[in-house]
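The next block holds one structure in the form of structure tokens; read it before the comments.
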Amino acid sequence: MFLTVEDGLILGPVCWLFGHIFELIYKFVGLLTPSGVVNLSICVILFTFIIRGFLFPINFKQQKSTKVMNFIQPEINKATKKYNGKTDQESMMKKNEETQKIQKKYGVSMTAGCLPALLQLPVFYGLYRVIQNIPAYVSDMKDKYQVIVDGLKTASFNSEGLKAFNLDNSASYIDVINAVATDADGSVSTAVAAAKIMMNNSSASGGKVTDNIVIDVLDKMSATDWNQLLDVVKFKTTDIANTVAEYVDNFQHMNSFLFGINISEAPGMKLTIAIIVPLLSAFFQFLQSKISQLSSNTNTSDPAQAQANRMMKFMTIGFPIMSFFICVNLPVAIGLYWIVGAIIAIITQLIINAYYNRCDMEQVVEKCKEKAAKKQAKQQAKHPNKKSFYERMMDAQNGNVSTDERQSENINKMAASRLKTYNNPATDNGKNDSSVNTTHYKEGSIASKANIMLQYQNKGNEKGGKK
11 MFLTVEDGLI
21 LGPVCWLFGH
31 IFELIYKFVG
41 LLTPSGVVNL
51 SICVILFTFI
61 IRGFLFPINF
71 KQQKSTKVMN
81 FIQPEINKAT
91 KKYNGKTDQE
101 SMMKKNEETQ
111 KIQKKYGVSM
121 TAGCLPALLQ
131 LPVFYGLYRV
141 IQNIPAYVSD
151 MKDKYQVIVD
161 GLKTASFNSE
171 GLKAFNLDNS
181 ASYIDVINAV
191 ATDADGSVST
201 AVAAAKIMMN
211 NSSASGGKVT
221 DNIVIDVLDK
231 MSATDWNQLL
241 DVVKFKTTDI
251 ANTVAEYVDN
261 FQHMNSFLFG
271 INISEAPGMK
281 LTIAIIVPLL
291 SAFFQFLQSK
301 ISQLSSNTNT
311 SDPAQAQANR
321 MMKFMTIGFP
331 IMSFFICVNL
341 PVAIGLYWIV
351 GAIIAIITQL
361 IINAYYNRCD
371 MEQVVEKCKE
381 KAAKKQAKQQ
391 AKHPNKKSFY
401 ERMMDAQNGN
411 VSTDERQSEN
421 INKMAASRLK
431 TYNNPATDNG
441 KNDSSVNTTH
451 YKEGSIASKA
461 NIMLQYQNKG
471 NEKGGKK
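Have a look at this one:
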């Protein structure tokens, strides 16, 4: 049920917050509209600006971390140069440890961009749910749809009109709505999907369907669908018929965008003016990716950075293609959000790039270094014996994990086995020998993972630490 608001532990509060923000925008635009008929495309654009504004501090911090990382990359390359080309476990861990020490000194991390990306996942889904299901969060629209549903419940239907949909006089208003929404004329993918959910619920509940599910279908019907529905329906009174006609006309104006595009309809793979929305979405996604590359490190001497650059190049093509197909099959309102969001991201990226191009990066990096030193001193005072992840891993490999550090029993066993002197049956070419360790380890246990690490290390040692 799309109209039912999200009530998950994480996404529920996000959708609730965004829904209230959108309703406030709706009411604000309504105050500025003489006719009182709010254009939802304006609400979507303003909504996108506000949400992007909330995310700006996170994006700015992410860009700052990227700039600092690019600046200190030569220092990292110099410190880890001696490990380049080595694939044995010990060398790789030492290289990572050296890299982490330098990053820690400046208060940055290779994973600094992951947190903002993860935070934006529930944000994007919340935006999608609100824009996709506006009546669920805007009470004025839901009230108008409720009047229409109540009118349909007491209405009769034109016999000739029913025959056009292969229905007889026993058909209910649910059957008529489903026939109209799934008819080839004017049907859109979102209306068809909503109608399918409605009919599934009708079958499961013995023909009873909640008003919310019906409203969800009505909200996603095209202008052609509405004309077909009103031609078939005979409302009980003239007043109801006039009120419904007025509300339907309001919805058409509310959903109207440039060149008569209806933002509640999905463009589909058809040569109509609406196809420009997914095309523009793909174009601006591509442009955003290209501009973001201007602030990335193009140094390919570092294998990790070279891999990141290859991934970014793939995303430059992959994201626009994904954006196009998503916007083709979802209402234009979603595509409008993506277009506006991409434009805001491009402008933001250009402003940040211009800001840091004028800054003295040495001063910026020095401030980061001072801030990181203060943070580390504070953490050291609270936890004087706390070690980093790589330090604990190196201790485990060298057998230096002490029991007073409250390590788990499995880690102590792995450390006591000393990976460097561990007898691995894989290194004996499968020969039966009493000296060969034939122990079988539980799949997924730390001991089995340690054994895999050792096999990899032994192969590297046999080849001189190189591939």
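Going by my numbering, 16 is the number at position 6 of the sequence shown; the sequence numbering is gapless.
Heads up, the beta-carbon is just placed ideally off N, CA and C, and yes, glycines get one too.
Predicted model only: the values in this text are computed from it and were never measured.
Item                                                                                                                                                                                  : Value
Taking Cβ to Cβ, would you say Val-148 is nearer than 8 Å to Phe-32?                                                                                                                  : yes
Go ahead and label Thr-164 buried or exposed: buried means 16 or more other beta carbons lie within 10 angstroms of its beta carbon, across all protein chains shown.                 : exposed
Looking only at its chain, what residues have a beta carbon closer than 7 Å to the beta carbon of Val-242, apart from the 5 residues adjacent to it on each side?                     : Phe-167, Asn-168, Gly-171, Leu-172, Val-186
What is the residue span of the alpha helix (DSSP H) that Gly-171 lies within?                                                                                                        : 169-174
Should Thr-247 be labelled buried (16 or more other beta-carbon atoms within 10 Å of its own) or exposed?                                                                             : exposed
Checking 8 Å against the spacing of the C-beta atoms, do Ile-223 and Gly-161 come in under that value?                                                                                : no
At which residues does the alpha helix (DSSP H) containing Met-279 begin and terminate?                                                                                               : Taken as a continuous stretch (DSSP letters only), Met-279 belongs to no alpha helix (DSSP H), as it is neither H nor E.
Below 8 Å, can you find three or more Cβ-Cβ pairs linking the region 354-363 to the region 283-303?                                                                                   : yes
If you drop the 5 nearest sequence neighbours on each side, which residues of the same chain put their C-beta closer than 7 Å to that of Gly-46?                                      : Gly-40
Under the DSSP definition of a beta bridge, which residues are partnered with Asn-272?                                                                                                : Ser-266
What does Val-243 pair with, by DSSP beta-bridge criteria?                                                                                                                            : Phe-167
Quick check: what's the CA-CA separation for Ala-89 versus Gln-386?                                                                                                                   : 21 Å
Which residue spans inside the region 76-136 form an unbroken alpha helix (DSSP H) run of at least 4?                                                                                 : 99-116
Where do the ends of the alpha helix (DSSP H) carrying Lys-392 lie?                                                                                                                   : 371-392
If you draw a straight line from the C-alpha of Leu-56 to the C-alpha of Leu-42, how long is it?                                                                                      : 14 Å
Apart from the five residues on each side of it in sequence, which residues of its chain come closer than 6 Å, Cβ to Cβ, to Phe-175?                                                  : Ala-189
Roughly how far, in whole angstroms, is the beta-carbon of Ala-181 from the beta-carbon of Ala-191, given that I think they are within contact range, below 8 Å?                      : Going by Cβ atoms, the distance from Ala-181 to Ala-191 rounds to 14 Å, so no, they are not a contact pair.
Suppose you measure from the CA of Ser-101 to the CA of Lys-92; what does that come to, to the nearest Å?                                                                             : 9 Å
What would DSSP say about Gly-63, mapped onto helix, strand or coil?                                                                                                                  : helix
Using CA atoms only, rank isn't needed, just tell me which of Tyr-116, Ile-285, Leu-137, Met-264 is closest to Tyr-347.                                                               : Leu-137
Might you give, ordered along the chain, the residues of its own chain that have their beta carbon closer than 6 Å to the beta carbon of Val-118, omitting 5 neighbours on each side? : Ser-75, Val-78, Met-79
Locate the alpha helix (DSSP H) running through Asp-229, then write down its first and last residues.                                                                                 : 221-229
For my contact list, Ile-86 and Thr-109 are in at a C-beta cut-off of 8 Å; report their separation, rounded to the angstrom.                                                          : 6 Å
Can you tell me whether Met-208 is buried or exposed? The criterion is at least 16 other CB atoms within 10 Å of its CB, across all chains shown.                                     : buried
Relative to the alpha-carbon of Phe-70, which residue among Ile-357, Ile-158, Leu-240 has its alpha-carbon at the smallest distance?                                                  : Ile-357
Buried or exposed: which applies to Asn-252, given that a residue is buried once 16 or more other Cβ atoms fall within 10 Å of its Cβ?                                                : exposed
Using the beta-carbon count (16 or more within 10 Å), is Ala-194 buried or exposed?                                                                                                   : exposed
Measure from the alpha carbon of Tyr-135 to the alpha carbon of each residue in Val-374, Trp-26, Ala-276, then state which is nearest.                                                : Trp-26
Rounded to whole angstroms, what is the Cα-Cα separation between Gln-238 and Val-258?                                                                                                 : 12 Å
Round the Cβ separation of Ala-276 and Asn-367 to the nearest angstrom and send it over; I've been treating them as touching at under 8 Å.                                            : Actually they do not touch by this definition, with Cβ atoms about 42 Å apart.
Is it the case that the Cβ atoms of Gly-345 and Ser-291 are separated by a distance below 8 Å?                                                                                        : yes
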